[in-house]
Amino acid sequence: MSRLLEVRDLSVGFGNARPVKGVSFAATPGEMLAIVGESGSGKSLTALGLMGLLPQHAKTGGEILFDGRDLLKLPEKDLRGIRGRDIAMIFQEPMTSLNPVMRIGDQIVEVLRIHEKLNHKQARLRAIELLDLVSIPDAAKRVDDYPHQLSGGMRQRVMIAIAVACSPRLLIADEATTALDVTIQDQVLQLLDRLRSQLNMAVILITHDLGIVAQWADRVVVMYAGRKIEQGLPDVLFETPYHPYTQGLLAASPRLKANYHYRDGPLTEIPGSIVSAAAEEGCAFRPRCPVARSACGSSVPALVQLSAEREVACPYVPAIAEASYAASVRR
Ligand SMILES: Nc1ncnc2c1ncn2[C@@H]1O[C@H](COP(=O)(O)OP(=O)(O)OP(=O)(O)O)[C@@H](O)[C@H]1O
Ligand SMILES: [Mg+2]
């Protein structure tokens, strides 16, 4: 499996705060990778890091290898060539990302003319093709509409058309469907999934919605307070969530929980919220963890790889406890 993207130990800091504390994950062409975690866990900062769009004063560490090149070390000039062409992103609110006084076709043409050597006429034809690709009916006519003439779902499709205009190899969707109603949300996800396979793109889907993850993702990374605390294949992870935080997330999603056997387990909803104070010492989830013990305060639990796809950062997960017991007996 070739790795298009490999993020190694990424950290992002502002002054004394370090909202992203060493995150590693990879993405391969054609896969849909979900990143979940509650508000403030560092998902958007991670995404902005991939786009080279972190604020100037952010301090970064680690590596973001895209096609083997470390994006964190590239000069802005080179990043501008990659952003929008090789890596594109769609955001939650299309109205703030689209220019309200510019026809949608012209906004697509603008992107095409920055990155591709097309004349105006070719770019306009391509814009119509792209609107057609994202299933905007009557594309040849709608190309001259202004954003306010379109519904929310249609505007999100235009955003996707702009994002995929140059056939990027990585598309990041940060809560891109959250503002849409459920039916439209499902249509937009279907569209993203179709484009993923047609263009063989890697898609990183950032969402709060575990139902979306279960339905669409090939792999899922769970983040908590700036760290990856669990990773796995959605079906396996939802059937047997290991980390107490993942268990809590699932307990808080009744609709999803009902589809998995684990509903019979000792799931409890997570009390409290992400605690930033004292998060540097020990496990950040400790103050909210139903199975925390005193040792959890002394060091940050290491992320342990249990199988090719499964990783978890809690030493009291039975599978990890058994493995370390077996290792200690052998010693
Ligand atoms: N420019 C910034 N300066 C200082 N702190 C920031 C900045 N941007 C984000 N943070 C902090 O970093 C933390 C993580 O932010 P991030 O936006 O990545 O969270 P998120 O996981 O995307 O949350 P949400 O689900 O709400 O979108 C937050 O606690 C936030 O306060
Ligand atoms: Mg966010």
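Counting in this note's numbering, the sequence shown runs from 55 upward without gaps. Glycine is no exception: its CB is placed at the ideal position from the N, C-alpha and C atoms. Keep in mind that this is a model prediction, so the values were computed, not measured.
- [ ] Kindly examine ligand 2 and report whether one of its heavy atoms sits closer than 8 Å to the Cβ of D228.
- [x] Working through the sequence shown from its first residue, we reach residue 228 at position 174. At least one heavy atom of ligand 2 lies less than 8 Å from the C-beta of D228.
Open item on the list: Using 9 Å as the threshold, is the C-beta distance between D272 and L87 below it?
Closed with: Residue mapping note: residue 272 aligns to position 218 of the sequence shown, counting from 1. Residue mapping note: residue 87 aligns to position 33 of the sequence shown, counting from 1. One thing to note: D272 has its Cβ within 9 Å of the Cβ of L87.
Task: Sequence-distant residues of its chain with Cβ nearer than 7 Å to E170 (five each side left out) - done: Here the question's residue 170 lines up with position 116 in the sequence shown. Sequence-distant Cβ neighbours of E170 in its own chain, meaning closer than 7 Å and more than five residues away, are C220.
- [ ] Tell me whether T100 counts as near ligand 3, meaning its Cβ is closer than 8 Å to at least one heavy atom of that ligand.
- [x] The model depicted lacks ligand 3 and carries ligand 1 and ligand 2 instead.
Open item on the list: Using DSSP's beta-bridge definition, name the partner residues of Q30.
Closed with: Any answer about residue 30 is impossible in this case: the structure gives the chain only from 55 up to 385.
Task: Boundaries (first-last residue) of the beta strand (DSSP E) holding D228 - done: As a first step, residue 228 must be located in the sequence shown, where it is residue number 174. Its beta strand (DSSP E) spans residues 224–228.
Open item on the list: I'd like to confirm something about L335: is its beta-carbon nearer than 8 Å to some heavy atom of ligand 1, or not?
Closed with: As a first step, residue 335 is located in the sequence shown; it is residue number 281 there, counting from the start. With the sequence shown as reference, residue 335 is identified as Glu, and Leu is not the correct amino acid for it. Relative to ligand 1, E335 has its C-beta separated by 8 Å or more from all heavy atoms.
TODO: Using beta-carbon positions only, say whether D247 and M143 come within less than 9 Å of one another.
DONE: The sequence position of residue 247 within the sequence shown is 193, counting from 1. The sequence position of residue 143 within the sequence shown is 89, counting from 1. At a Cβ-Cβ threshold of 9 Å, D247 and M143 do not count as neighbours.
Open item on the list: For ligand 1, is there any heavy atom lying closer than 8 Å to the beta carbon of K97?
Closed with: Here the question's residue 97 lines up with position 43 in the sequence shown. K97 Cβ: within cutoff of ligand 1.
- [ ] Can you grab the Cα-Cα spacing for the pair H297 / Q176, in whole Å?
- [x] Working through the sequence shown from its first residue, we reach residue 297 at position 243. Working through the sequence shown from its first residue, we reach residue 176 at position 122. Spanning the two alpha carbons is a distance of roughly 52 Å.
Open item on the list: Measuring straight from C-alpha to C-alpha, what distance separates L303 and A373?
Closed with: In the sequence shown, counting from the first residue as 1, residue 303 sits at position 249. In the sequence shown, counting from the first residue as 1, residue 373 sits at position 319. For the pair L303 and A373, the Cα-to-Cα distance works out to about 20 Å.
Open item on the list: What does DSSP give as the partner residue(s) for K75 in the beta ladder?
Closed with: What you label residue 75 is simply residue 21 of the sequence shown in a count that begins at 1. K75 is bridged to S65.
TODO: Give the single residue among G96, V66, I266 whose Cα lies nearest to the Cα of A279.
DONE: Locating residue 279 in the sequence shown gives position 225, where the first residue counts as 1. Closest option to A279, Cα to Cα, is G96.
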